[in-house]
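In what follows, a single structure is set out as structure tokens and then discussed.
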Amino acid sequence: GAVVSQHPSRVICKSGTSVKIECRSLDFQATTMFWYRQFPKKSLMLMATSNEGSKATYEQGVEKDKFLINHASLTLSTLTVTSAHPEDSSFYICSAREAGPETQYFGPGTRLLVL
Amino acid sequence: QKEVEQNSGPLSVPEGAIASLNCTYSDRGSQSFFWYRQYSGKSPELIMSIYSNGDKEDGRFTAQLNKASQYVSLLIRDSQPSDSATYLCAVRPGNNRLAFGKGNQVVVIP
Chain G
1 GAVVSQHPSR VICKSGTSVK IECRSLDFQA TTMFWYRQFP KKSLMLMATS
51 NEGSKATYEQ GVEKDKFLIN HASLTLSTLT VTSAHPEDSS FYICSAREAG
101 PETQYFGPGT RLLVL
Chain B
116 QKEVEQNSGP LSVPEGAIAS LNCTYSDRGS QSFFWYRQYS GKSPELIMSI
166 YSNGDKEDGR FTAQLNKASQ YVSLLIRDSQ PSDSATYLCA VRPGNNRLAF
216 GKGNQVVVIP
């Protein structure tokens, strides 16, 4: 089946620093990629939708200047959490949608801890 | 009305029994329906997709779709302890993105 990778899987950083998370579709081209965050025992929350070569569409309440998304190719999207603060600590999960069947596959997630 | 509703609370089933999960959705124009499994601390994993009315079977899993009733369900036969997880119903309405239900936690008791 389709595989989506994320890197890093876990990151600990100091408050005020920026963190970049990569999401790659390994064996298919993703027409669209999605970024979610999830707090413990809570539902997935969609942050933004990105299409290759165009600006990401952010969900209401998500700051686009804080969560920078770049979708450079059909297999790579990055999320940069700028000037991270402890409240940004969460589980960030990317998802890639395959063209054709339009099935959406999730990456393994990145656990971010901001001290 | 929420886009996707999964109302049942945690479901406990004995090992070997059938677990039944239900989901309703609000957008009658929805065409794509998915079930994901999420283990604690992990990301969701696609287990079933269904696009047309009726049943679709894959191993011990059966998805059932009834577009007239706006209802999709998942049956897990011969439940195993490894099936203990949260199951997310997802529907693609007319727009670009999946709408997820809150999930149903399934606990299989050995």
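Taken in sequence, the protein lines are chains G and B.
Sequential numbering from 1 applies to the first sequence in the numbering used here.
Sequential numbering from 116 applies to the second sequence in the numbering used here.
From the three backbone atoms N, C-alpha and C, an ideal C-beta is built for every residue, glycine too.
Residue-level contact check: Pro159/B touches chain G, since one or more beta carbons of chain G fall below 7 angstroms from its beta carbon. Closer than 7 angstroms to the CB of Arg152/B there is not a single CB belonging to chain G.
Taking 7 angstroms as the threshold, the shortest C-beta distance from Arg192/B to chain G does not fall below it.
Linking Lys20/G to Thr78/G through their CA atoms gives a straight-line distance of about 7 angstroms. Taking the CA atoms as reference points, Lys66/G sits about 6 angstroms from Val81/G. When DSSP reads this structure, Tyr151/B sits in a beta bridge with Leu161/B and Leu203/B. Of the residues assessed, Phe39/G falls on the exposed side of the cut-off, its CB having fewer than 16 other CB atoms within 10 angstroms. Boundaries of the beta strand (DSSP E) harbouring Asp173/B: Gly169 to Asp173, taken from the DSSP string. Residues of the stretch 95–113 of chain G whose Cβ lies closer than 9 angstroms to any Cβ of chain B, in chain order: Ser95, Arg97, Pro101, Glu102, Thr103, Gln104, Tyr105, Phe106, Gly107, Pro108, Gly109 and Arg111. Between the C-alpha atoms of Leu180/B and Phe28/G there is a straight-line separation of about 28 angstroms. Counting of Cβ neighbours within 10 angstroms places Arg24/G among the buried residues, the total reaching 16 or more.
Boundaries cannot be given for Glu118/B, as no beta strand (DSSP E) includes it and DSSP labels it neither H nor E.
For the pair Pro225/B and Ser194/B, the Cα-to-Cα distance works out to about 10 angstroms.
Between the beta-carbon of Gly109/G and that of Ser158/B there is about 4 angstroms, and that keeps the pair under the 8 angstroms contact cut.
For Arg192/B, there is no enclosing beta strand (DSSP E), as DSSP marks it with neither H nor E. Distances from the alpha-carbon of Thr75/G to those of Ala99/G, Met47/G and Ile12/G put Ala99/G closest. Scanning its chain for C-beta atoms nearer than 8 angstroms, with the 5 sequence neighbours on each side dropped, one finds around Thr103/G the residues Ala2 and Arg97, in chain order.
The DSSP-derived three-state label of Pro125/B is coil. By the rule that beta-carbons nearer than 7 angstroms mark a contact, Ser164/B touches chain G. Spanning the alpha carbons of Asp170/B and Ala214/B requires a straight line of approximately 21 angstroms.
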